[in-house]
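Engineer:
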Amino acid sequence: MKKFFKAAAVFLLAAVMIVSAVPRAEKASAAPITINVYNWGQYIADGSEGSIDVNKAFTEATGIVVNYSTYDTNESLYTKLKTGGSSYDVIIPSDYMVARLIKEDMLEKIDFNNVPNYQYIDDSFKNTDYDPTNEYSVPYTWGNVGLIYNSKYVTEEVDSWDLLWNEKYADKILMFDNPRDAFAIAEFRLGIDPNTEDPEDLRRAAEELKKQHPLVQQYVMDQIFDAMEYEEAWIAPYYAGDYLLMVEENENLEFCFPKEGFNTFIDAICIPKGCQNKAAAEAYINFLCDPEISGQNLDYLGYSTPISEAKQYMDPETAESPIAYPDTATLANSTSFVFLSAETNQLMDDLWLSVKTDGAPSTLLYVIIIAVVVVAAAVVLLLLKKKKRKYRRK
Amino acid sequence: MKKLHRIFTVIIFLFLYIPMILLCIGSFSSGSDLAHIHGLTLHQYKEFFADGVLIRLLLNSLIVAVVSSVIATIIGTFAAVGIHSMKPRLRSLVMTATNIPMTNPDIVTGVSLALLFAFVGRLIHTNQVLGFATLLLAHITFNLPYVILSVMPKLSQMDPNLEEAALDLGCTPVQAFFKVVLHEIMPGILSGALMAFTMSLDDFVISYFVYGPEFVTLPIEIYNYTKKPLPSKIYALFTVLFVFILLVMIIMNIVQAKDEKNSARRQSLKRRKELN
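Just so you know, the protein sequences line up as chains A and B, in that order. Adding 102 to a residue's 1-based position in the first sequence gives its number in my numbering. Adding 60 to a residue's 1-based position in the second sequence gives its number in my numbering.
#1: When the Cα of tyrosine 232 (chain A) is compared with those of A:Met199, A:Ile137, A:Trp263, which residue comes out closest?
#2: Thinking just about the alpha-carbon of each residue, which of B:Lys106, B:Asn159, B:Phe298, B:Leu150 is nearest to the one in leucine 82 (chain B)?
#3: List the DSSP bridge partners of glutamate 356 (chain A).
#4: According to DSSP, is threonine 136 (chain A) helix, strand or coil?
#5: Give a yes or no on whether the minimum CB-CB distance between glycine 7 (chain B) and chain A is below 7 Å.
#6: Within 8 Å, do at least three Cβ pairs link the stretch 374-391 of chain A to the stretch 306-315 of chain A?
#7: With 8 Å as the C-beta to C-beta threshold (strictly closer), list the residues of the stretch 184-212 of chain A near chain B in chain order.
#8: Spell out whether any CB of chain A is found under 7 Å from the CB atom of asparagine 313 (chain B).
#9: Tell me which same chain residues have a C-beta within less than 7 Å of the C-beta of asparagine 229 (chain A), skipping the five on either side of it?
#10: Considering Cα atoms alone, identify which of B:Thr286, B:Ala317, B:Val315, B:Gly248 is closest to tryptophan 142 (chain A).
#11: Output needed for valine 130 (chain B): all residues of its chain with C-beta closer than 8 Å, excluding positions within five of it in sequence on either side, in chain order.
#12: Assuming threonine 185 (chain A) contacts alanine 178 (chain B) (C-beta within less than 8 Å), just tell me the rounded distance between them.
#13: Measuring only the C-alpha atoms, how far is asparagine 322 (chain B) from methionine 146 (chain B)?
#14: Under 7 Å Cβ-Cβ, which residues of chain B neighbour phenylalanine 501 (chain A)?
#15: Look at the alpha carbon of lysine 293 (chain B) and the alpha carbon of isoleucine 326 (chain A), and state the distance between them as a whole number of angstroms.
#16: So asparagine 169 (chain A) contacts chain B; which residues on that side make the cut at Cβ distance below 7 Å?
#17: Looking at chain A, is there any beta carbon in it that lies within less than 7 Å of the beta carbon of asparagine 203 (chain B)?
#18: Measure from the alpha carbon of serine 189 (chain A) to the alpha carbon of each residue in B:Pro165, B:Ile249, B:Gly191, B:Phe73, then state which is nearest.
#19: So if DSSP puts valine 168 (chain A) in a beta bridge, which residue, or which two residues, is it bridged to?
#20: Applying a beta-carbon distance threshold of less than 8 Å, which residues of chain A neighbour leucine 190 (chain B)?
#21: Using the beta-carbon count (16 or more within 10 Å), is isoleucine 387 (chain A) buried or exposed?
#22: Taking C-beta pairs closer than 9 Å, name the residues in chain A that alanine 139 (chain B) reaches, listed in chain order.
#23: Looking at valine 234 (chain B): is its Cβ nearer than 7 Å to the Cβ of glutamate 223 (chain B)?
#24: Give me the residue from B:Val154, B:Gly86, B:Leu196 with the minimum Cα distance to serine 267 (chain B).
#25: What residues from chain A crowd round glutamate 281 (chain B), counting only those whose CB sits closer than 9 Å?
#26: Valine 241 (chain B) versus chain A: which residues are under 7 Å apart at the beta carbon?
#27: Count the other C-beta atoms from every protein chain shown that fall within 10 angstroms of the C-beta of lysine 214 (chain B), then say buried if there are 16 or more, exposed otherwise.
#28: If you draw a straight line from the alpha carbon of threonine 137 (chain B) to that of leucine 290 (chain B), how long is it in whole angstroms?
#29: For aspartate 279 (chain A) versus valine 322 (chain A), is the C-beta spacing smaller than 7 Å?
#30: Tell me, to the nearest whole angstrom, how far the beta carbon of tyrosine 238 (chain A) is from that of lysine 205 (chain A); I am working on the premise that it is less than 8 Å.
#31: Using the Cα positions of aspartate 295 (chain A) and asparagine 447 (chain A), report the straight-line distance between them to the nearest angstrom.
#32: Indicate the three-state DSSP secondary structure (helix, strand or coil) for alanine 123 (chain A) in the structure shown.
#33: Within the continuous beta strand (DSSP E) that includes asparagine 187 (chain B), where are the two ends?
#34: If I follow the unbroken beta strand (DSSP E) through glutamine 320 (chain A), where does it start and stop?
#35: Answer with buried or exposed for proline 195 (chain A), where buried requires no fewer than 16 other C-beta atoms within 10 angstroms of its C-beta.
#36: Grab me the residues of threonine 366 (chain A)'s own chain with a C-beta within less than 6 Å of its C-beta, minus the 5 sequence neighbours each way, in chain order.
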């Protein structure tokens, strides 16, 4: 028994020591100022693959410690901010979410006196639709959606989203697994504004997507990398920055900006209301806008930088790529997403569900499942009864 | 027929373990993808152990798992002793109540805890209530039923005369508990603690709602790996975790087997005495 007590005491002591040592060690090694940064997962260079460790470099430069945590979608960021209970100093939502956060008064105005590097941001990224007065956000990255295809199998000339509806390539086509991007493609093809809130337009787009459904091999997001690189699929719409990563693995892959139009996005750095240390947050934003940091950071991420000065610190092949940085004539054809109302989002989600389940033997499937369950239950009951009878006989 | 049984067992085990085996192979493969293995290498392990961020997150997960399982084990053991000495009807009522959090969907537990914490935060006028403390509280909460559930049967298996004998021989009730009862139920406590540890280590859903910016655990970070393809050093991390949990489970089984042996020996002793 004594042994147990000793063991337990040692265990407890060890536990207490670990707990008390870790946070203290952190505090001791750092200046008192910390900021909470909330960013997309894998959306900053972290030192892997020989890249720069941005957060570490920031701490070394300023002494401010970064508590870095991540989210997976704009919507989960929004939920976390709305639920409360934790405060963040820096967040990096996409354009339409910035607009929503501004509209709902959830962002602080940035004091640009503390962000001198804002001068490096290209003029084409100022006065945007989502932040027309340039008060709340600083662009972090931007990029475009386009059509990726494998030139080994797709030999015709590609300039249109029609390729995604081409029956010749049935079962070799991948499609976005999120309603907003998928609907936008169908709407571009139909000549509808991708920010439409008209239910009739959305229904027409859904019809178009239903027509495509039998040709689609899979609705995917990041599994697209493997499928395209290993030629399990030949055609997929995706982000230009990710195409540049894929083409390193498989040089048969080609990219095109469809003539009907395409989506362009900007992810921007903001300071949410309730932040604990605004000046430190602004220092962080300023650091991210430093051309050298931005260049090295985005070189690792593969997305485009809004700072032309930064290109000299990037791999020259990426910096000069017309896919990462298309000319203004191409960009004139692009549209950015704006925030849609809750009703439109709901309708889109419902229609998306009907697209994805279209043609699937859904009712039949349910009937089969129920039948199986009933049969299984009957068998189990019968067996139980038999057993009982056996026992009684005994 | 016997052959058929054996084949069936093998197939079942294959289905259970193929994903894990693939993962282990992938962690040693020099290709970038599971489907394309070129050669064997330890490169991914090297990369994983050199990755300060991942190691830190793993350490965070271990800290929460160890501390929450220790606290849950202590509270849970005392709770089990209390519940055990209740009248049967009340006991079954309380047991049902303690089991509900276990059967409750994780997401419900997570959201309701997050709401509670946010509410408390509002009461004490802070918007930084989420952090290590809330994460720990949540983990203790969902660990408790597992501990109680594995200690309870040990208590009912225990010969009630033992405690009475100890009291007769001059122990105070507290002494009797620490000298006799605790010893008897130790295997239950240990397996409860290990169970709590593994549950806490891999929890994602509940943690996702109650973690704060300054203390993030591994599963949360990996869930958010969406912007780039999964780096292959993750396979090395998963393999390390899998082997670690496997070891914990083996220890747990050894402890249980020893306990069974002991009780079997004691019963045979008893029988022999009765015969004499």
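Glycine is no exception: its CB is placed at the ideal position from the N, C-alpha and C atoms.
Structural biologist: A quick look at the data gives this:
#1: Nearest of A:Met199, A:Ile137, A:Trp263 to tyrosine 232 (chain A), Cα basis: A:Met199.
#2: For leucine 82 (chain B), the nearest C-alpha among the options comes from B:Phe298.
#3: Answer is A:Tyr251.
#4: For threonine 136 (chain A), the secondary structure class from DSSP, reduced to helix, strand or coil, is strand.
#5: Residue 7 (chain B) lies beyond the residue range present for chain B, which begins at 61 and ends at 336; the question has no answer from this structure.
#6: Flag = no, the stretch 306-315 of chain A and the stretch 374-391 of chain A do not touch.
#7: For the stretch 184-212 of chain A, which is checked against every Cβ of chain B, the residues closer than 8 Å are Thr185, Gly186, Gly187, Ser188, Ser189, Tyr190.
#8: Look at asparagine 313 (chain B): its C-beta is not under 7 Å from any C-beta on chain A.
#9: Taken in chain order, the residues that qualify are Asn236.
#10: Of the candidates B:Thr286, B:Ala317, B:Val315, B:Gly248, the residue whose Cα lies closest to the Cα of tryptophan 142 (chain A) is B:Thr286.
#11: Closer than 8 Å at Cβ, skipping near neighbours: Ala253.
#12: The Cβ separation is near 6 Å, so the contact holds.
#13: Between asparagine 322 (chain B) and methionine 146 (chain B), the C-alpha separation is close to 28 Å.
#14: Chain A is shown from 103 up to 496; residue 501 (chain A) falls before or after that span and cannot be answered.
#15: Note on geometry: alpha-carbon atoms of lysine 293 (chain B) and isoleucine 326 (chain A) lie some 20 Å from one another.
#16: Correct list: Pro273, Glu274.
#17: So no, asparagine 203 (chain B) is outside the interface.
#18: Residue nearest to serine 189 (chain A) within the set B:Pro165, B:Ile249, B:Gly191, B:Phe73 is B:Gly191 (criterion: CA-CA distance).
#19: Beta-bridge partners assigned by DSSP to valine 168 (chain A): A:Ile137.
#20: Residues of chain A passing the Cβ test: Gly187, Ser188.
#21: So isoleucine 387 (chain A) counts as buried.
#22: Residues of chain A passing the Cβ test: none, with the nearest at roughly 17 Å.
#23: In this structure, valine 234 (chain B) keeps its C-beta atom at 7 Å or more from the C-beta atom of glutamate 223 (chain B).
#24: Of all alpha-carbon atoms in B:Val154, B:Gly86, B:Leu196, the one lying nearest the alpha-carbon of serine 267 (chain B) is that of B:Leu196.
#25: Among the residues of chain A, those whose CB is under 9 Å from the CB of glutamate 281 (chain B) are Gly143, Ser171, Thr172, following chain order.
#26: Contact annotation for valine 241 (chain B) against chain A: no contact, minimum CB-CB distance about 11 Å [criterion: below 7 Å].
#27: With 16 or more other Cβ atoms within 10 Å, it is buried.
#28: Roughly 41 Å between the two C-alpha positions.
#29: A contact, by the Cβ cut-off of 7 Å.
#30: Not really, about 11 Å apart at Cβ, beyond 8 Å.
#31: The alpha-carbon of aspartate 295 (chain A) is positioned some 15 Å away from that of asparagine 447 (chain A).
#32: Summary for alanine 123 (chain A): the model assigns pLDDT 46, below 50, so the residue's position carries little reliability; its value from the coordinates is reported in the next sentence. DSSP places alanine 123 (chain A) in helix when its eight states are reduced to three.
#33: Taken as a continuous stretch (DSSP letters only), asparagine 187 (chain B) belongs to no beta strand (DSSP E), as it is neither H nor E.
#34: Judged by DSSP secondary structure, glutamine 320 (chain A) falls within the beta strand (DSSP E) whose first and last residues are 318-322.
#35: Proline 195 (chain A) is buried by the Cβ-count criterion.
#36: The residues are Asn246, Ser436, Ser438.
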